[in-house]
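Numbering follows my numbering, with no gaps: position 58 of the sequence shown is 64. Don't be surprised by glycine CBs; every beta carbon is placed ideally from N, CA and C. It should be emphasised that the depicted structure is a prediction, and the values quoted were computed from it without experimental measurement.
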Amino acid sequence: DAIALQRKLQLLDLQSTVLVDVAQTYYAVLRAERSVQLLRNTLQLQEARLRDVTQQFQNGLAIRLAVAQTRAQVDSTRVSLVQAEGDVKNGRSTLAFLIGVPEVNGPLLDDFPMPARVADEVKFENEALRARQDLAAAHAGVEAARHDVDAALAEYYPSISLNVQGFLWREYYSDASKWNALLTANVPIFSAGIIEADVRNAWSHLRQAALQESYIRRQVLNQIQTNYQN
């Protein structure tokens with residue numbers, strides 16, 4: 007049950023990761039589109055300035071260096087514009103891949119209402135520790151490893167099995183001595199080394215699961231702190 011829960015939580019964590027990737031890609035495309043608009047306006051302004059400086063140079067009111075510097079700014083802005091347009095195309099292609107559609111051509115809107123006040127960092131940390139599926143999956147992994155330790159320790163004790171087939175074919179049930187053949191006791195006398203190795207292996211897996219849980223917990227808190235500052 008613990009392993010099944012762990013697998014389920016891992017799948018939910020992957021689903022959440024995809025949703026976060028969609029949101030991040032969505033806003034990356036929005037930022038790139040705003041950059042394209044800004045760079046186009048900047049390019050128009052710089053081209054007008056280049057024409058003005060060129061005319062001043064022709065009239066002897068400006069030096070050749072001013073023309074060259076202005077032209078360099080125009081070229082640099084044009085390169086940035088091309089890069090931003092490429093970012094928009096790549097971002098839309100990635101967004102289409104994430105949401106499973108052939109392409110994303112429509113306008114993207116930003117109607118997310120910004121909160122008037124952001125909650126304290128501690129609130130986000132507590133929420134993450136309560137609801138993060140990857141951390142919950144790590145908890146389930148520790149629980150599964152703990153049960154493995156219990157199972158390994160149980161190998162030290164003898165197991166008793168009932169011979170059901172012999173019981174069905176027994177004719178004289180009143181003879182208590184005949185019950186001896188129906189009960190089989192398995193005492194692990196010659197397998198102590200194997201049992202001890204199983205116990206050590208189970209304990210090792212439990213320590214690994216506990217360390218993995220500690221690592222994921224610290225990773226979650228680090229992500230919260232970093233994203234909160236950003």
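On the three-state DSSP scale, how would you describe residue i?
{"i": "GLU177", "result": "Because GLU177 sits at a pLDDT of 49, beneath the cut-off of 50, its placement in the model cannot be relied upon, and the point is left open."}
{"i": "VAL28", "result": "helix"}
{"i": "ILE69", "result": "coil"}
{"i": "ASP126", "result": "coil"}
{"i": "TYR162", "result": "coil"}
{"i": "GLY106", "result": "coil"}
{"i": "PHE118", "result": "coil"}
{"i": "ALA182", "result": "Bear in mind that the predicted position of ALA182 carries a pLDDT of just 47, short of 50, making it unreliable; the figure below should be weighed with that in mind. Helix."}
{"i": "ASP154", "result": "helix"}
If we ignore side chains and look at the alpha-carbon of each, how far apart do residue i and residue j end up?
{"i": "PHE17", "j": "LEU25", "result": "What sits at residue 17 in the sequence shown is Leu, not Phe. Rounded to whole angstroms, LEU17 to LEU25 spans 13 Å at the Cα level."}
{"i": "THR100", "j": "VAL155", "result": "45 Å"}
{"i": "ASN132", "j": "ASN207", "result": "34 Å"}
{"i": "ILE69", "j": "GLN50", "result": "22 Å"}
{"i": "VAL88", "j": "LEU114", "result": "20 Å"}
{"i": "ASN47", "j": "GLU91", "result": "14 Å"}
{"i": "LEU36", "j": "ASP140", "result": "29 Å"}
{"i": "ARG98", "j": "HIS153", "result": "47 Å"}
Please classify residue i as buried or exposed, where buried requires at least 16 other C-beta atoms within 10 Å of its C-beta.
{"i": "ILE230", "result": "buried"}
{"i": "TYR32", "result": "buried"}
Return the residue from the list the options that minimises the CA-CA distance to residue i.
{"i": "GLU161", "options": "ALA146, ALA144, ALA203", "result": "ALA203"}
{"i": "HIS145", "options": "ASP156, ILE200, ASP93, LEU217", "result": "LEU217"}
{"i": "ALA54", "options": "ALA34, ARG37, THR76, ARG40", "result": "THR76"}
{"i": "GLN214", "options": "GLN235, ALA158, GLU149", "result": "GLU149"}
{"i": "ARG136", "options": "VAL226, LEU44, PRO119, SER41", "result": "VAL226"}
Using only the heavy atoms of the ligand HEM, determine whether one of them is closer than 7 Å to the beta carbon of residue i.
{"i": "LEU51", "result": "Absence of the ligand HEM is noted for the structure shown, with no ligands found whatsoever."}
**Prompt:** Three or more beta-carbon pairs under 8 Å between the region 119 to 132 and the region 76 to 88, yes or no?
**Reply:** Touching, no, given that fewer than three Cβ pairs across the two stretches are closer than 8 Å.
**Request:** Flag this pair as touching only if the region 105 to 122 and the region 52 to 63 have three or more C-beta atom pairs under 8 Å; answer yes or no.
**Result:** Not touching, per the Cβ criterion.
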